[in-house]
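Trainee:
Residue numbers (the working numbering): 722 to 971.
(1) Does residue 825 pass the burial test, meaning 16 or more other C-beta atoms within 10 Å, or should it be called exposed?
(2) Is residue 782 buried or exposed, if buried means 16 or more other CB atoms sit within 10 Å of its CB?
(3) Using only alpha-carbon positions, find the residue among 843, 860, 867, 968 that is nearest to residue 918.
(4) In or out: residue 869 buried (at least 16 other Cβ within 10 Å) or exposed?
(5) Looking at residue 962: is its Cβ nearer than 9 Å to the Cβ of residue 810?
(6) Would the C-beta of residue 837 count as close to the ligand PLP, meaning under 8 Å from any of its heavy atoms?
(7) If we count Cβ pairs, one from each stretch, closer than 8 Å, do we get three or more for the segment 876-890 versus the segment 838-855?
(8) Would you mind stating whether residue 914 and residue 947 have Cβ atoms separated by less than 9 Å?
(9) What residue from 847, 920, 773, 944 has the CA that sits closest to residue 858's CA?
(10) Got a sec, what are the start and stop residues for the beta strand (DSSP E) residue 836 sits in?
(11) Where does residue 922 sit, in a helix, a strand or coil, going by DSSP?
(12) Three or more C-beta pairs closer than 8 Å, one from the segment 796-808 and one from the segment 893-900: is that the case here?
(13) Given a cut-off of 9 Å on the beta-carbon distance, is the pair residue 801 and residue 835 in contact?
(14) In its own chain, which residues sit with a C-beta less than 7 Å from the C-beta of residue 956, not counting the 5 before and 5 after it?
(15) Can you tell me the Cα-Cα spacing of residue 786 and residue 889, whole angstroms?
(16) Pull up the distance between the alpha-carbon of residue 960 and that of residue 971, whole angstroms please.
(17) Go through its chain and collect everything with a Cβ distance to residue 815's Cβ below 7 Å, but skip five positions before and after it.
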């Protein structure tokens, strides 16, 4: 559910609406790529129906009692035209069927014809926070979110190519731990889902929930769809732990 605040935060009234809208609703946002000046938001899962979503593509498992989620992926290369567009890749607990989310991931956005790469963590309802470490296409990431008990979660992101790792522990007692996700996402703004940056294909591997293959939890495969247009498609799971998401349309 990644929210991005460029120059202004979303209003309290808007956040209240988003928080009450069910699975995958936008939250507040972080200051991110400096070239991007308008307010945008990475969200909770919007409108999950029949394995389709307006802003998510990937896998989500529900049922409650989740204590960890982890996966690895390679930062894709953004293919940027003149339009501004956005895409993010992350692992998280909550966000599908709940109004909280604990997540970490990476991003490639397009502005002025150039890709902007970065990484972040978010723990709703607090604003997302960008890590200061440089991100480059081709970097190998491993992300995890772990429940420690007493409302505490650790969000860890490691760039094994560049050799850095960031770990943040935060508390949010109302978190339901109802779902886990491994997702490629199109951010949203107060006016709706934003254009999806062309990331080609992102490959997720080693997807584990509670230390077991994500496939063990009969997860829902989600394709990103807007009307009759497929924006991103998700492959079948391989070995219960790996899959790819492929960009189709902005």
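Think of the CB as a built atom: it goes at the ideal place given N, C-alpha and C, for glycine as much as any other residue.
Mentor: According to the data block:
(1) Residue 825 is buried by the Cβ-count criterion.
(2) Under this definition residue 782 is a buried residue.
(3) Ranking 843, 860, 867, 968 by Cα distance to residue 918 puts 968 first.
(4) When all chains shown are included, residue 869 counts as exposed.
(5) No, Cβ-Cβ distance for residue 962 and residue 810 is not below 9 Å.
(6) For the structure depicted, the ligand PLP is absent and the ligand set is empty, with no information on it obtainable.
(7) Note that the segment 876-890 touches the segment 838-855; at least 3 beta-carbon pairs, one per stretch, sit closer than 8 Å.
(8) For residue 914 and residue 947, yes; Cβs fall inside 9 Å.
(9) When only C-alpha atoms are compared, the closest one is 920.
(10) Unbroken beta strand (DSSP E) run through residue 836: 835-844.
(11) Three-state result, residue 922: strand.
(12) Judged by Cβ distances under 8 Å, the segment 796-808 makes no contact with the segment 893-900, as fewer than three pairs qualify.
(13) Taking 9 Å as the Cβ cut-off, residue 801 and residue 835 qualify as a contacting pair.
(14) Here residue 956 has 964, 965 as same chain residues with Cβ atoms under 7 Å from its own Cβ, once five neighbours each way along the sequence are excluded.
(15) Cα to Cα, the separation comes out at about 21 Å.
(16) Distance between the alpha carbons of residue 960 and residue 971 is about 30 Å.
(17) Answer for residue 815: 821, 822, 823, 896, 897, 898, 899, 900, listed in chain order.
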